[in-house]
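Protein chains in written order, with the numbering used here: chain A, 39 to 399; chain B, 15 to 267.
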Amino acid sequence: MTAVLEKKPVQVAPKEPRRWKGAALFAAVAVVALVVMPLVLEPFRLGLLAKYLCYAIVALGIGLAWGQGGMLTLGQGVFFGLGGYAMGMYLKLNDAGGDLPDFMVWSGVEQLPALWAPFRNPVLALAMVVLVPLVVAALLGTLVFRQRVRGAYFAILTQALAAAMVILLVGQQGLTGGTNGLTNFFDFFGNDISAESTQRGLYLTVAIVLGVLYLAAWQLVRSRFGRLLLAVRDGEDRVRFLGYNPATVKTITFTISAVMAGIAGALFVPVVGIISPALLGVVPSLELVVAVAVGGRFALAGAVLGAVVMGYAKTYFSEELPDAWLYLQGALFILVMTLAPKGIVGVAGALRDRFRKEAAA
Amino acid sequence: MSALLEVRDLSVVFDGFRAIDGVDFTVREGELRFLIGPNGAGKTTLIDIITGLTRPTTGTVSFDGQSLAGKREHERVRLGIGRTFQTSVVFEELTVLENLDLAASFRRPLLSLLARRNGVSETVQRALETTGLTELAARKAGVLSHGQRQWLEIGMLIAQGPRLLLLDEPVAGMSGDERSRTGELLTSIAKDHTVIVIEHDMEFLRRYASQVTVLHEGKVLMEGSVEEVRADPRVQEVYLGRAREEAAHDVVS
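Shown next, in the form of structure tokens:
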């Protein structure tokens, strides 16, 4: 071993310009989202964008878990739903005053179920938005990852969970509103929920939450933990021999992605005005995974972009060519997985490199 | 010197096949031990048991006086047992520096991992210099040659700061030059570590080995110095099997 330690600085490629560029791009997108969009878009379209940004928050979590951590989670709808129902239950109770929520009366429920009691308190309800997905995901992750369940088995398990969640919600009509879910909200923390100003405020809230979570996820990916997460994705068994427990790394990441989905669900409810089993089952969960793949799962920006692009595409085609959307979505997924596994972000990067090469030549 | 690693009456059975059959194996602190034997002798299986990848059917393994029974792989690493694999596994998406940094960071509390890496720690710097990878620090590990990957693996092992290093065929597939560099690397590491090396290559063994343990069909055939092992007729019989004539010639020359 070298006797004298010379402190030679290790040659690292200059990174400053790239970091600066990334920050500038983030700031530009933030200005567009927070200033330009509310001015340009009519209220209905701004509401749609708010909805897509909610999905983008879920997509960000999928990007972390799947793109960075290699955990293909096909059941993020479960956590989206847990957050959404927590918010919905509070809004229902708030609207009902001291009485029972309307759907309970129709189902012949006479006393408020104990499960609902904590959601009278807005602070508790908001805490539940984060805590319930956190606890469920942490428990699930601990059980599953300790047993070294991974790959397709993990994917199937999460999908089964989404299916089970729907069955549970539909079956408990009096407790959950059944197939109809929770809807008909009027008041949102003292504001008329359907008023234009409330909706604009909600849009801004969603955009800011997305931005903050994006920065947090970015920091996570850049940190040592992020490097470790990539290592777990690419060689879980090797990581054990570096002295780390991959189960812990995966559980933490999966839990973070679940909390993101929960927060997204809670924001979605006042924006769209409903939470129901159809919004969190297998199909919506899969649609978001497809969106992340299309945007580019290896980059956090790709996940967010994918959710927004696919959201707009879905709306556009449902308005213009209602029958074509499902086929187009399927075809797009196959195309991306076979031809451009890095999604839109990957294709953009390849094009940029080609232009640079041509410019240099 | 005390025994750092003690393996007692170890057996492991895979579907009725006794891969390890009553092995006793002791390595003292500071030793450089070579483990040889023909294919299927149980060398890698023995390393797998020591590091927790394979569970023994009977017998005990203790490290520094502490039984390893029931300890998971990462827990054994935390006790100070490090290993490399026959086919090197480095993280191709990470740079050489990041690979080493990850290997050096496992003792940090989990929360502190949420911070970005800030510069190059002394441990990582030393591993870079020992393995001669300083120039390649910022390159992704995916672009390294086979030999460089093996050195990176050894560097990661050094960065872990283990008390016992287990190297599974570190020179397999290497060119002559790379072999002698790896040999020098090994002897320099062995100065202040306890090292166990699995190696097939007799030439390599003759140059670098001190103590040798010969495994055959899951049993310890003999232990001794390189000369003793090479002179032993049983070793020539089983280990050099097919190439017996060459081996006899080799011993004479």
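The C-beta atom is built at its ideal place from N, Cα and C for all residues, glycine as well.
Residue i at chain B interface by Cβ criterion, 7 Å
{"i": "Tyr282 (chain A)", "result": "yes"}
{"i": "Ser261 (chain A)", "result": "yes"}
{"i": "Gly273 (chain A)", "result": "yes"}
{"i": "Ala269 (chain A)", "result": "yes"}
{"i": "Arg335 (chain A)", "result": "no"}
{"i": "Arg186 (chain A)", "result": "no"}
{"i": "Phe393 (chain A)", "result": "no"}
{"i": "Arg57 (chain A)", "result": "no"}
{"i": "Phe279 (chain A)", "result": "yes"}
{"i": "Arg83 (chain A)", "result": "no"}
Cβ-based neighbour list, residue i, same chain, cut-off 6 Å, excluding 5 preceding and 5 following
{"i": "Leu116 (chain B)", "result": "none"}
{"i": "Val204 (chain A)", "result": "Pro315 and Gly319"}
{"i": "Asp140 (chain A)", "result": "none"}
{"i": "Lys154 (chain B)", "result": "Thr109"}
{"i": "Met39 (chain A)", "result": "Here Met39 (chain A) scores only 38 on pLDDT, less than 50, and its place in the model is too uncertain to base an answer on."}
{"i": "Tyr241 (chain A)", "result": "Leu84 and Ala88"}
Other residues of its chain near residue i: CB distance less than 8 Å, five sequence neighbours each side excluded
{"i": "Val249 (chain B)", "result": "Val228, Leu235, Met236 and Val243"}
{"i": "Gln210 (chain A)", "result": "Gly216"}
{"i": "Leu162 (chain A)", "result": "Pro156"}
{"i": "Phe371 (chain A)", "result": "Val328, Ala331 and Val332"}
{"i": "Phe192 (chain A)", "result": "Met109, Leu110, Thr111 and Val182"}
{"i": "Asn218 (chain A)", "result": "Phe141 and Ser314"}
{"i": "Pro176 (chain B)", "result": "Val91, Gly94, Ile95, Gly96 and His207"}
Backbone CA spacing between residue i and residue j [nearest angstrom]
{"i": "Ser126 (chain B)", "j": "Ala94 (chain A)", "result": "28 Å"}
{"i": "Gln164 (chain B)", "j": "Pro184 (chain B)", "result": "7 Å"}
{"i": "Arg262 (chain A)", "j": "Cys92 (chain A)", "result": "28 Å"}
{"i": "Thr214 (chain A)", "j": "Asn159 (chain A)", "result": "18 Å"}
{"i": "Asn283 (chain A)", "j": "Leu166 (chain B)", "result": "21 Å"}
{"i": "Val173 (chain A)", "j": "Leu128 (chain B)", "result": "21 Å"}
{"i": "Pro171 (chain A)", "j": "Ala296 (chain A)", "result": "6 Å"}
{"i": "Arg390 (chain A)", "j": "Leu18 (chain B)", "result": "56 Å"}
{"i": "Thr243 (chain A)", "j": "Leu93 (chain B)", "result": "48 Å"}
{"i": "Ser356 (chain A)", "j": "Trp363 (chain A)", "result": "7 Å"}
{"i": "Leu267 (chain A)", "j": "Thr286 (chain A)", "result": "10 Å"}
{"i": "Ala351 (chain A)", "j": "Val383 (chain A)", "result": "17 Å"}
{"i": "His88 (chain B)", "j": "Val26 (chain B)", "result": "21 Å"}
{"i": "Gln225 (chain B)", "j": "Gln80 (chain B)", "result": "24 Å"}
{"i": "Leu305 (chain A)", "j": "Gly66 (chain B)", "result": "46 Å"}
Chain A within 7 Å of residue i, Cβ atoms only
{"i": "Arg130 (chain B)", "result": "yes"}
{"i": "Glu217 (chain B)", "result": "no"}
{"i": "Leu108 (chain B)", "result": "yes"}
{"i": "Ala69 (chain B)", "result": "What sits at residue 69 (chain B) in the sequence shown is Arg, not Ala. It does not; no Cβ of chain A falls within 7 Å."}
{"i": "Leu200 (chain B)", "result": "no"}
{"i": "Arg177 (chain B)", "result": "no"}
{"i": "Ala186 (chain B)", "result": "no"}
{"i": "Leu171 (chain B)", "result": "no"}
{"i": "Ser76 (chain B)", "result": "no"}
{"i": "Glu167 (chain B)", "result": "no"}
{"i": "Leu127 (chain B)", "result": "yes"}
{"i": "Asp24 (chain B)", "result": "It is Leu, not Asp, that sits at residue 24 (chain B) in the sequence shown. Output row for Leu24 (chain B): interface = no."}
{"i": "Arg195 (chain B)", "result": "no"}
{"i": "Val209 (chain B)", "result": "no"}
Minimum C-alpha distance to residue i - residue among the options
{"i": "Ala97 (chain A)", "options": "A:Gly249, A:Val330, A:Ala399 and A:Val297", "result": "A:Val330"}
{"i": "Leu220 (chain A)", "options": "A:Gly119, A:Ala339 and A:Gly334", "result": "A:Gly119"}
{"i": "Gly113 (chain A)", "options": "A:Leu305, A:Arg278, A:Gln237 and A:Ala299", "result": "A:Ala299"}
{"i": "Asp272 (chain A)", "options": "B:His214, B:Arg220, B:Asp191 and B:Phe105", "result": "B:Phe105"}
{"i": "Ile63 (chain B)", "options": "B:Gly54, B:Pro123, B:Ile34 and B:Leu147", "result": "B:Ile34"}
{"i": "Val385 (chain A)", "options": "A:Gly344, A:Val307 and A:Leu366", "result": "A:Gly344"}
{"i": "Ser159 (chain B)", "options": "B:Glu192, B:Arg130, B:Ala141 and B:Gly175", "result": "B:Glu192"}
{"i": "Leu180 (chain B)", "options": "B:Pro70, B:Val211 and B:Ser202", "result": "B:Val211"}
{"i": "Arg186 (chain A)", "options": "A:Phe64, A:Arg278 and A:Phe306", "result": "A:Arg278"}
Residues near residue i by beta carbon distance below 7 Å, same chain, minus five either side
{"i": "Thr289 (chain A)", "result": "Ala176, Gly179, Thr180 and Phe183"}
{"i": "Arg22 (chain B)", "result": "Asp38, Gly73 and Thr74"}
Exposure label - residue i; buried when at least 16 CB within 10 Å
{"i": "His207 (chain B)", "result": "buried"}
{"i": "Val42 (chain A)", "result": "Reliability fails at Val42 (chain A), whose pLDDT of 39 lies under 50, so the model's placement of it is uncertain and no value is given."}
{"i": "Gly189 (chain A)", "result": "exposed"}
{"i": "Met125 (chain A)", "result": "buried"}
{"i": "Arg220 (chain B)", "result": "exposed"}
{"i": "Pro47 (chain A)", "result": "Residue confidence is low: Pro47 (chain A) scores 48 on pLDDT, short of 50, so the model does not pin down where it sits. Its coordinate-derived value is still stated next. Exposed: under 16 other Cβ atoms inside 10 Å."}
{"i": "Thr145 (chain B)", "result": "buried"}
{"i": "Asn113 (chain B)", "result": "buried"}
{"i": "Val78 (chain A)", "result": "exposed"}
{"i": "Gly84 (chain B)", "result": "exposed"}
{"i": "Asn53 (chain B)", "result": "exposed"}
{"i": "Tyr252 (chain A)", "result": "buried"}
Check: residue i C-beta below 6 Å from any heavy atom of the ligand ZN
{"i": "Thr98 (chain B)", "result": "Inclusion of the ligand ZN in the displayed structure is not the case, the ligand content being empty and no account of it being possible."}
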